[in-house]
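Everything on this sheet refers to the single structure shown next.
Numbering (this note's numbering), first residue to last: 130 to 333.
Laid out in structure tokens, this is it:
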């Protein structure tokens, strides 16, 4: 039993290290490209320097989806702060981490498109899933997504939020995705054309 726990811990640390190395290499290349265009100069002047690097924040956000934690708060406060202090020595408070999470959205989006997308094999599957942002009873009190989210209906009923459209191959690799408002139809022509761009073969 003890050996099993040690083995799982080693695999967990190894996975985190591998993901960090990939994310860190990407961030270095991304920073070089933004420096060439001068896009990073303004952002550097607007925000104070952070102890935790962008690649560390990205690693935590990516690894969160590999574990069984139901929310990021439990994952960060219990696992990262208590058990991964050696991997992330310059840790932040959870509230501060959430503030910086939005700052890495561009890097995360580019990382997903450049490093994580699969290749079309000729067999693709397209589907969508709902992303509710709050309970239906709290719709009128929701201020964060008031001007962005809408009401929509799924197989589980009505909800308030967004809709994630995905297309993947038979190996489960994501080929493309699109985030829309909840009231956008799955058969919307603009959504379909953007998702199926560079996709060939059979589509289910």
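Every residue, glycine too, gets a C-beta built ideally from N, C-alpha and C.
Output the distance between the C-alpha atoms of residue i and residue j, rounded to the nearest integer angstrom.
| i | j | result |
| --- | --- | --- |
| residue 180 | residue 286 | 44 Å |
| residue 190 | residue 151 | 14 Å |
| residue 163 | residue 282 | 40 Å |
| residue 255 | residue 300 | 13 Å |
| residue 322 | residue 306 | 11 Å |
| residue 317 | residue 197 | 34 Å |
| residue 187 | residue 212 | 18 Å |
| residue 231 | residue 238 | 11 Å |
| residue 155 | residue 276 | 33 Å |
| residue 200 | residue 270 | 22 Å |
| residue 297 | residue 311 | 21 Å |
| residue 320 | residue 268 | 26 Å |
| residue 314 | residue 225 | 37 Å |
| residue 207 | residue 214 | 11 Å |
Taking the Cβ atom as the reference point for each residue, do residue i and residue j lie within a distance shorter than 7 Å?
| i | j | result |
| --- | --- | --- |
| residue 280 | residue 289 | yes |
| residue 233 | residue 183 | yes |
| residue 332 | residue 257 | no |
| residue 308 | residue 291 | yes |
| residue 249 | residue 329 | yes |
| residue 223 | residue 204 | no |
| residue 145 | residue 216 | yes |
Just mark residue i as buried or exposed, buried being the case when its beta carbon has 16 or more other beta carbons within 10 Å.
| i | result |
| --- | --- |
| residue 265 | exposed |
| residue 195 | exposed |
| residue 278 | buried |
| residue 158 | exposed |
| residue 327 | exposed |
| residue 236 | buried |
| residue 324 | buried |
| residue 221 | buried |
| residue 143 | exposed |
Among the options, which residue has its Cα nearest to the Cα of residue i?
| i | options | result |
| --- | --- | --- |
| residue 244 | 185, 302, 321 | 302 |
| residue 193 | 155, 154, 148 | 148 |
| residue 209 | 312, 185, 228 | 185 |
| residue 247 | 143, 227, 314, 295 | 295 |
| residue 227 | 202, 272, 165 | 202 |
Are there any heavy atoms of the ligand FMN lying less than 6 Å away from the beta-carbon of residue i, as far as the coordinates show?
| i | result |
| --- | --- |
| residue 217 | Absence of the ligand FMN from the depicted structure is noted, as is the absence of any ligand whatsoever, leaving it without description. |
- Write down every uninterrupted run of the beta strand (DSSP E) in the segment 231 to 263 whose length is 3 residues or greater and which is fully enclosed by it, in chain order. 252 to 263
- Task: Jot down the residue ranges of each uninterrupted beta strand (DSSP E) in the segment 175 to 229, minimum 3 residues, whole runs only, in chain order.
- Result: none
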